[in-house]
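Residue numbers (the numbering used here): 334 to 472.
What follows is a single structure, written as structure tokens, with notes after it.
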Amino acid sequence: MPMISLIAFSSCKEDRSFQRMPMKHDVRSGHFTIDLHHGGSFGGNGGRKSYYVNGDICHFDYCHADELSLIELRAMGKELGLHASSEYFVRVGKNYSQIHSDVDAMNLYKHVDGNKIVHVYATEDKPTLRDKPASGVLM
């Protein structure tokens with residue numbers, strides 16, 4: 334029987350002054366929201382990722398660790414128009430840790446805040462001429 338994903342894309346807001354009310358997930362359900370920050374970039378000294386600036390935030394509700402994977406994160410990014418080579422990070426203390434694997438994605442629940450939200454940050458490499466396939470169309 335195919336597994337049905339209950340993750341729901343709820344909204345995107347470019348207006349940073351907008352304060353979205355957190356989704357009311359049942360505490361016992363294990364569900365949480367991923368706030369996916371995209372279109373921005375990391376800044377910091379010496380190549381260290383100290384902060385994320387600019388970009389937009391989109392919200393994906395009803396996420397659950399048992400149903401989350403790196404492929405699922407990439408599918409969320411694809412819904413937002415991100416390139417397949419995008420990298421995803423989660424803030425851990427004062428640092429940003431890259432999400433490399435399905436295990437990393439499933440462990441996102443460990444970083445859920447009091448509002449049952451985890452913030453994920455995407456960076457995107459823009460396609461370049463070296464990414465250009467023989468057909469002449471950028472992927």
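Don't be surprised by glycine CBs; every beta carbon is placed ideally from N, CA and C.
Give me the Cα-Cα distance between residue i and residue j, rounded to the nearest whole angstrom.
i    : j    : result
I384 : H452 : Sequence inspection shows Tyr at residue 384; the Ile mentioned does not correspond to that position. Y384 and H452: Cα-Cα distance of roughly 13 Å.
Y395 : H371 : 19 Å
R424 : K443 : 11 Å
R381 : K427 : 11 Å
Can you give the beta carbon distance from residue i to residue j, rounded, assuming they're within the 8 Å contact cut?
i    : j    : result
T456 : E405 : About 18 Å; that fails the 8 Å criterion.
L413 : C391 : 6 Å
Just to confirm my understanding: we take residue i, look at its own chain, exclude 5 residues before and 5 after, and list those with CB closer than 7 Å. What are they?
i    : result
G376 : S383, Y384, V386
G373 : Y385, V386, N387, G388
Given residue i, which residues of its chain have a CB within under 6 Å of its CB, disregarding the five upstream and five downstream residues?
i    : result
Y454 : H370, Y385, F422
Y429 : K382, F422
S402 : D435, A438
Q.
If contact is defined by three or more beta carbon pairs under 8 Å, each pair taking one atom from either stretch, is the stretch 438-449 in contact with the stretch 361-380?
A. Yes: the two stretches touch, three or more of their Cβ pairs being nearer than 8 Å.
Q | Three CB pairs or more closer than 8 Å across the stretch 395-409 and the stretch 423-438 | A | Remark: three or more beta-carbon pairs, one from each stretch, lie closer than 8 Å, so the stretch 395-409 and the stretch 423-438 are flagged as touching.
Q.
Quick check for students: name the residue ranges of the alpha helix (DSSP H) that lie wholly in the stretch 397-454, counting only runs of 4 or more.
A. Counting whole runs of 4 or more residues, the stretch 397-454 contains the alpha helix (DSSP H) stretches 403-412, 435-439.
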